[in-house]
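At position 289 of the sequence shown the residue is numbered 1344 (this note's numbering), and the sequence of numbers has no breaks.
No residue lacks a Cβ here, since even glycine has one placed at the ideal position from N, Cα and C.
Report on one structure; see the data block that follows.
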Amino acid sequence: MEIPVYLFTGFLESGKTTFIQEALEDEEFNSGERTLFLLCEEGEEEYHASRFYGLNVFFENIEEEESLTREYLAGLQKKHNAERVIVEYNGMWNLDSFYQNMPQGWITYQEMMFADATTFLTYNQAMRPLVYDKLKSAELVIFNRCVKGFDKMEFHKIVRAANKNSQIAYEYSKDDVEYDTIKDPLPFDLNAPIVEIKDNDYAEWYRDINEEVEKYEGKVISVKGRCALGGGLAENQFVFGRHVMTCCVDDIQFAGLAYVWDKVDTMTHGEWYQVEAEVKLEYLEVYGEKGPVLYCRKVEPAEEADPEVATF
1056 MEIPVYLFTG
1066 FLESGKTTFI
1076 QEALEDEEFN
1086 SGERTLFLLC
1096 EEGEEEYHAS
1106 RFYGLNVFFE
1116 NIEEEESLTR
1126 EYLAGLQKKH
1136 NAERVIVEYN
1146 GMWNLDSFYQ
1156 NMPQGWITYQ
1166 EMMFADATTF
1176 LTYNQAMRPL
1186 VYDKLKSAEL
1196 VIFNRCVKGF
1206 DKMEFHKIVR
1216 AANKNSQIAY
1226 EYSKDDVEYD
1236 TIKDPLPFDL
1246 NAPIVEIKDN
1256 DYAEWYRDIN
1266 EEVEKYEGKV
1276 ISVKGRCALG
1286 GGLAENQFVF
1296 GRHVMTCCVD
1306 DIQFAGLAYV
1316 WDKVDTMTHG
1326 EWYQVEAEVK
1336 LEYLEVYGEK
1346 GPVLYCRKVE
1356 PAEEADPEVA
1366 TF
């Protein structure tokens, strides 16, 4: 049996409770389905169940992140014979604690993040890993308490660094909502005879080629990185890339792709190179599926990238 899960995230006083209250008062969303409501934090606003359109809403308070076990959640579903689940998630908990313990059959139908525009930048500066955690999989990010004429660009950039595909909405009042229409042009010319990837643009390029590899097929790329040899690759193959930081130092990891060159034996493991290569979409065992394989035309020693660790 498939159990729809509606997940609402954000920090205290971000507007989650008000939105969920209004949703449960709406016949179109709440026509009487047996609903398990997992309340993972309590803010100043309280729920008024008497105003819900359907009354089959069963609250369960979750006070500790460690309580989010598959067995416990499945037991709550069984206890209330729930047909769906609503979660008001604690902003100080990592989302993986919930996702990794969702019982069998639970399917995320919608994930929304709420943020107070007057405090969001402060939260992001002080608790970037937790902010990124809530942004990375949100389908919709709602900034409320916005003021007409405010600069949206910094908010837009923070969201896009974590999630390329989420919708962004700016709420000025209950009936005055503006959706983000800021365009995100690639920082390199994909139509150039040789697509030059500058040091500052590596992270964006790496994400884009993995998400939309088809548009790169046949393109010639010039990019700087470090080579990694061995690891079960064929004699004419190597992995080439950079260390990338997504949100903080703790998540730095090597982000590389497979390259083919008939002079791999002249390369030194871990050294920096400037590589010019043509992209082909092929199956490769190291990927386990079709992916971008870059066939080298030119490989030259290079100075290390600046910055050494790529960021978005």
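Nearest neighbour of Val1364 by Cα position, chosen from Val1319, Leu1349 and Val1299, turns out to be Val1299. Below 8 Å, too few C-beta pairs join the stretch 1124 to 1139 and the stretch 1179 to 1195 to call them touching: fewer than three.
Within its own chain, the residues whose Cβ lies closer than 8 Å to the Cβ of Ile1075, once the five positions on either side in sequence are excluded, are Phe1063, Tyr1102, Ile1141 and Glu1143, listed in chain order. Excluding sequence positions up to five before and after Lys1191, its CB lies within less than 7 Å of the CB of Ala1217 and Asn1218, all in the same chain and listed in chain order. Here Gly1070 is not near Lys1189, since their CB atoms are 9 Å or more apart.
In the three-state DSSP reduction, Ser1086 falls in the coil class, being neither helix nor strand. Here Met1147 is not near Leu1195, since their CB atoms are 9 Å or more apart. By alpha-carbon distance to Asp1254, the top candidate from Glu1209, Gln1329, Glu1290 and Thr1236 is Gln1329. In the structure shown, Asp1081 falls within a coil segment according to DSSP collapsed to helix, strand and coil.
Secondary structure at Ser1192: coil, using DSSP grouped into helix, strand and coil. The shortest CA-to-CA distance from Asp1231 to any of Lys1203, Ala1247, Arg1297 and Gly1285 is the one to Lys1203.
Of the residues Trp1327, Glu1340, Gly1346 and Lys1353, the one whose Cα lies closest to the Cα of Glu1359 is Trp1327. A contact between stretches requires three or more CB pairs, one per stretch, nearer than 8 Å, and the stretch 1288 to 1299 fails this requirement with the stretch 1231 to 1245. Burial of Lys1274 is indicated by the presence of at least 16 other C-beta atoms within 10 angstroms of its C-beta. Annotation for Gln1222: the continuous beta strand (DSSP E) segment containing it runs Gln1222 to Ser1228. The Cβ-Cβ distance between Ile1249 and Trp1260 does not fall below 9 Å. The DSSP-derived three-state label of His1298 is strand.
Ala1193 and His1135 have their alpha carbons spaced roughly 27 Å apart. For the pair Gly1280 and Phe1295, the CB atoms are nearer than the 9 Å cut-off. In the DSSP assignment, the residues bridged to Asn1116 are Leu1094. By the Cβ rule, the stretch 1110 to 1119 counts as touching the stretch 1083 to 1101, because three or more pairs are nearer than 8 Å. Beta bridge pairing from DSSP links Phe1198 with Ala1170 and Tyr1225.
Here DSSP, grouped into helix, strand and coil, assigns Tyr1328 to strand. Sorting Glu1355, Lys1353, Pro1059 and Asp1235 by C-alpha distance to the C-alpha of Tyr1164 places Pro1059 at the top. A straight-line Cα-Cα distance of about 43 Å links Ala1357 and Met1168. Beta-bridge pairing by DSSP links Leu1312 to Phe1295. Listed in chain order, the beta strand (DSSP E) runs fully inside the stretch 1135 to 1166 are 1139 to 1143, counting runs of at least 3 residues.
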